[in-house]
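**Student:** This structure is in structure tokens; I'll ask about it shortly.
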Amino acid sequence: MNFKYVIVGAGLSGLTMAERIANVLQEKVLVIEKRNHIGGNVYDSYNEDGILIHNYGPHIFHTNSQSVYQYLSQFTQWNDFWHRVLTYVDGNLIPMPITVETINKLYNLNLDCSQVEDFLKKQAVEIDEVTTSKEVALSKVGPDIYSKIFENYTKKQWGIDPAELDTSVISRIPIRLNRDTRYFADRYQGMPKFGYTKMCEKMAANKNIKIMLNTDYKEVIGDISYEKLIYTGPADDYYDYKYGRLSYRSIHFAFETYDKETFQEAPVVNYPNDYDYTRITEFKKLTWQEHRKTTICKEFPCAEGEPYYPFPTKDCKAQFALYAEEMKKESKVIFLGRLAEYKYYNMDAAVKRALDVFEQMQKAAQN
Ligand SMILES: Cc1cc2nc3c(=O)[nH]c(=O)nc-3n(C[C@H](O)[C@H](O)[C@H](O)COP(=O)(O)OP(=O)(O)OC[C@H]3O[C@@H](n4cnc5c(N)ncnc54)[C@H](O)[C@@H]3O)c2cc1C
1315 MNFKYVIVGA GLSGLTMAER IANVLQEKVL VIEKRNHIGG NVYDSYNEDG
1365 ILIHNYGPHI FHTNSQSVYQ YLSQFTQWND FWHRVLTYVD GNLIPMPITV
1415 ETINKLYNLN LDCSQVEDFL KKQAVEIDEV TTSKEVALSK VGPDIYSKIF
1465 ENYTKKQWGI DPAELDTSVI SRIPIRLNRD TRYFADRYQG MPKFGYTKMC
1515 EKMAANKNIK IMLNTDYKEV IGDISYEKLI YTGPADDYYD YKYGRLSYRS
1565 IHFAFETYDK ETFQEAPVVN YPNDYDYTRI TEFKKLTWQE HRKTTICKEF
1615 PCAEGEPYYP FPTKDCKAQF ALYAEEMKKE SKVIFLGRLA EYKYYNMDAA
1665 VKRALDVFEQ MQKAAQN
């Protein structure tokens, strides 16, 4: 077989590259995917009751990038969805992220915005140099809110104490001194009107794109001649684990369907302190599907399983740096996406990165 471009992985990174190569360069491209479907982790499907679920956990699209929003809007219309999350603490459901409403509900107060600012300042611990996720939380909200909302959730999610995680984990969680209880504040937010899989199918609908499912690229790559390989699989697997296995946090998703129209008050409810799971998603509240039954998903973080979240510790980053050095030596291979770059990318960031890498590749070919 002869293809100028071969892509490993049919997730959003791989499909964005495939779509650009096929449409802009008008070149043939082969996409090799080891799963039995395209879409990677954004894949959604209808379960046996006919309810649309996100097979790899809830995915909510949000971005401040107009170019990414416009790019994906070629392949889908959007439901005007604003995500909301509640957190179960001390028997109450309080809004997340932390807003004025959260503080008032948590402490049974009636403070205005500036009073909440003063309240948080009094709680916050002064720390000279913030180097861990625990210190981020303590320096922003103090020990009581840290223990009620962040400490146990983070321990469940990562299996280690927040004091051992770098600042990136808790820094991502905003604290708003207003009453905006939307989970994301981005300019563009929404859910693909007919689901992510339909969106991905449209991205791949080009006669220049051939997709090989159920195939680990290592089984076939020796029989294919190509000029460029775009690799979106795991970095350590590409190098046969020569520097050891990179650590990931995985999740076991437990789906349950109930014979009632609605299950909970919000699309996602977090459980920082109770139960073994971290959160419950009710899919109909994301997709707006009408159905007399409802399906939920409980998330049980675990060490073994599909690689979902790169481990945010110094040691893991140092281990990946060894693979990154090897990657620099490759002239025919581009490493792209959350697995190859060992980096947590939201969907918009994954698409943006692929669009940027495509442009770089195009420029390099012209020179
Ligand atoms: C639980 C969870 C929830 C998330 N929620 C959100 C959210 O709400 N909003 C948001 O913006 N982002 C969310 N994300 C992030 C989102 O999933 C990623 O941005 C996106 O999936 C990245 O796409 P990718 O193509 O880089 O990786 P992937 O989707 O992982 O695609 C990589 C593909 O490569 C394939 N592959 C790997 N090895 C091989 C091989 N040897 N041969 C062939 N194929 C191979 C894999 O099977 C996979 O299909 C979430 C992620 C997780 C894990």
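Read in this note's numbering, the sequence shown has 1564 at position 250, and its numbers run on one by one without any break. Cβ atoms here follow ideal geometry from the backbone N, Cα and C, with glycine treated the same way. No experiment lies behind these values; they were computed from the predicted model shown.
1. What does the Cβ neighbour count give for isoleucine 1441, buried or exposed, with the cut at 16 atoms within 10 Å?
2. Measuring alpha carbon to alpha carbon, tell me which of Lys1318, Met1641, Ala1324, Tyr1319 ends up nearest threonine 1529.
3. Which partner residues of threonine 1571 appear in the DSSP bridge assignment?
4. Is asparagine 1660 near ligand 1, judged by its Cβ being under 7 Å from some heavy atom?
5. With a Cβ-Cβ cutoff of 8 Å, do proline 1411 and leucine 1400 count as a contact?
6. If I follow the unbroken beta strand (DSSP E) through serine 1485, where does it start and stop?
7. Kindly indicate the opening and closing residues of the beta strand (DSSP E) around valine 1647.
8. Measuring only the C-alpha atoms, how far is lysine 1454 from tyrosine 1553?
9. In this structure, does DSSP put tryptophan 1396 in helix, strand or coil?
10. Say whether the region 1623-1635 touches the region 1342-1360, bearing in mind that this needs 3 or more beta-carbon pairs closer than 8 Å, one atom from each stretch.
11. Which residue marks the beginning of the alpha helix (DSSP H) containing serine 1381, and which one marks its end?
12. Look at threonine 1468 and valine 1322 and say whether their C-beta atoms are less than 8 Å apart.
13. Per DSSP, which residues does asparagine 1406 bridge with? Please list them.
14. In the DSSP assignment, the beta strand (DSSP E) including aspartate 1554 goes from what residue to what residue?
15. Do you know how far the Cα of phenylalanine 1577 is from the Cα of aspartate 1363?
16. Over what stretch of residues does the beta strand (DSSP E) that includes phenylalanine 1508 continue unbroken?
17. Among residues of its own chain, excluding the 5 on either side of methionine 1661, which ones have a beta-carbon nearer than 7 Å to its beta-carbon?
18. Nearest CA to the CA of valine 1320: which residue from Pro1615, Lys1542, Gly1509?
19. Taking the alpha-carbon of valine 1527 as reference, which of Leu1344, Cys1427, Lys1318 has the nearest alpha-carbon?
20. Restricting to Cα atoms, I'd like to know which of Gln1471, Lys1666, Phe1433, Asn1492 is closest to glycine 1456.
**Tutor:** Quick look at the numbers:
1. exposed
2. Ala1324
3. Thr1609
4. yes
5. no
6. No beta strand (DSSP E) contains serine 1485, which is instead part of the alpha helix (DSSP H) from 1482-1485.
7. 1647-1649
8. 41 Å
9. coil
10. no
11. 1380-1387
12. no
13. Val1403
14. First-last for aspartate 1554: undefined, no H or E at that position.
15. 16 Å
16. Where phenylalanine 1508 is concerned, there is no enclosing beta strand (DSSP E), given that its DSSP letter is neither H nor E.
17. Leu1326, Val1356, His1373, Phe1375
18. Lys1542
19. The identity of residue 1527 in the sequence shown is leucine, whereas the question assumes valine. Nearest option by C-alpha distance: Leu1344.
20. Phe1433
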